[in-house]
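Everything on this sheet refers to the single structure shown next.
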Amino acid sequence: MSKLIFCYGAMNSGKSMQLLTWKYNYEEAGYRVLLYKPALDTRGSFKDSENKGVISSRVGIEATCTLICEDETFYKYLNMIESPKTIIMVDEAQFLTEKQVRELYEISLKYTVVCFGLKTDFKQCFFKGSKALFELADDIRELKTVCSCGKKATINARLNEKGEIILDGEQIEIGGNEKYKAMCKHCFEKERNR
Numbered sequence: 040m041s042k043l044i045f046c047y048g049a050m051n052s053g054k055s056m057q058l059l060t061w062k063y064n065y066e067e068a069g070y071r072v073l074l075y076k077p078a079l080d081t082r083g084s085f086k087d088s089e090n091k092g093v094i095s096s097r098v099g100i101e102a103t104c105t106l107i108c109e110d111e112t113f114y115k116y117l118n119m120i121e122s123p124k125t126i127i128m129v130d131e132a133q134f135l136t137e138k139q140v141r142e143l144y145e146i147s148l149k150y151t152v153v154c155f156g157l158k159t160d161f162k163q164c165f166f167k168g169s170k171a172l173f174e175l176a177d178d179i180r181e182l183k184t185v186c187s188c189g190k191k192a193t194i195n196a197r198l199n200e201k202g203e204i205i206l207d208g209e210q211i212e213i214g215g216n217e218k219y220k221a222m223c224k225h226c227f228e229k230e231r232n233r
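The opening residue of the sequence shown carries number 40 in the working numbering; numbering runs sequentially from there.
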């Protein structure tokens, strides 16, 4: 049965690893898997192609994907779908527009669509794509990770060069462990009030 699934978690919760694991499992079961991620996430993008990128996990596994721009539609790629045994997977789904998520919802009436992404930004506010996915997904799953204190991490703290928490700035700033740290609310509040 087709549906729209949203798997969310804080930084380092294994979202991309889970996506790539699901991809492998679906392919082993005979499905065709189409991978996408927003072009806004330039990490792993191929310079020799305008719309090819890489979904990679910190554990070292990766796969080629199609990059989708903010003004693009997923319908543009529907001609690639030849079989009803097709799964559409999107990494970094927090960067999708509301219109793109609504489109994925419509596509999920025929095909299973699985999105992976962050729930909130460094200010603990929804991203547009995440908010729309929480509103429209049939199935919402949390992927958990831990704070350095051992508690469940729920906050994506943005850090400066000195490792101090930043509370101001644009919502989107692409980066990894050098710019962000998953924290529990207790450690976050203690650190930001220093």
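Where a beta carbon is used, it is the ideal one built from N, C-alpha and C, also for glycine.
*Which of helix, strand or coil does DSSP assign to Val140?*
Counting from 1 along the sequence shown, the entry for residue 140 is found at position 101. Residue state, collapsed to three classes: helix.
*If you run the structure through DSSP and keep just helix, strand and coil, what is Ile146?*
The residue labelled residue 146 in the question sits at position 107 within the sequence shown. Helix, per DSSP.
*From Glu142, Phe227, Tyr219, pick the residue whose C-alpha is nearest to that of Leu117; which is it?*
As a working mapping, residue 117 is identified with position 78 in the sequence shown. Nearest option by C-alpha distance: Glu142.
*asked:* By the three-class DSSP mapping on this structure, what secondary structure does Asn118 have?
replied: The residue given as residue 118 occupies position 79 in the sequence shown. DSSP places Asn118 in helix when its eight states are reduced to three.
*On the DSSP bridge assignment, give the partners of Ile44 in chain order.*
Within the sequence shown, residue 44 is the residue found at index 5, counting from 1. Bridge partners of Ile44: Val153, Asp178.
*Let me know the secondary structure DSSP gives Asn232 once reduced to three states.*
Stepping through the sequence shown from its first residue, residue 232 is reached at position 193. Of the three classes helix, strand and coil, the one that applies to Asn232 here is coil, per DSSP.
*So which of Gln139, Tyr150, Glu137, Leu182 has the shortest CA-CA distance to Gly156?*
Working through the sequence shown from its first residue, we reach residue 156 at position 117. Here the closest residue by C-alpha is Leu182.
*With Cys188 and Ala221 assumed to form a contact (beta carbons below 8 Å), what rounded beta-carbon distance in angstroms separates them?*
Within the sequence shown, numbered from 1, the residue matching residue 188 stands at position 149. Within the sequence shown, numbered from 1, the residue matching residue 221 stands at position 182. Not really, about 11 Å apart at Cβ, beyond 8 Å.
*Look at the Cβ atom of Ala132, then the Cβ atom of Gly92, and state whether they are nearer than 8 Å.*
Your numbering for residue 132 matches position 93 in the sequence shown. Your numbering for residue 92 matches position 53 in the sequence shown. Cβ distance not < 8 Å, so Ala132 and Gly92 don't count as in contact.
*asked:* Quick check: what's the CA-CA separation for Cys226 versus Tyr47?
replied: Taking the sequence shown and counting its residues from 1, the one referred to as residue 226 is at position 187. Taking the sequence shown and counting its residues from 1, the one referred to as residue 47 is at position 8. Computed Cα separation, rounded: 21 Å.
*asked:* Can you check which of these residues, Lys158, Tyr75, Ser147, is closest to Met40 by C-alpha distance?
replied: Counting from one through the sequence shown, the residue named residue 40 turns up at place 1. Ranking Lys158, Tyr75, Ser147 by Cα distance to Met40 puts Ser147 first.
*asked:* Please return the same chain residues whose Cβ sits closer than 8 Å to the Cβ of Leu73, not counting the five positions on each side in sequence.
replied: Counting from one through the sequence shown, the residue named residue 73 turns up at place 34. Only Thr105, Tyr116, Met119, Ile120, Thr125, Ile126, Ile127, Met128 meet the Cβ criterion.
_Asp177 and Lys42 - do their beta-carbons sit closer together than 8 Å?_
If you number the sequence shown from 1, residue 42 lands on position 3. If you number the sequence shown from 1, residue 177 lands on position 138. The answer is yes: Cβ separation under 8 Å.
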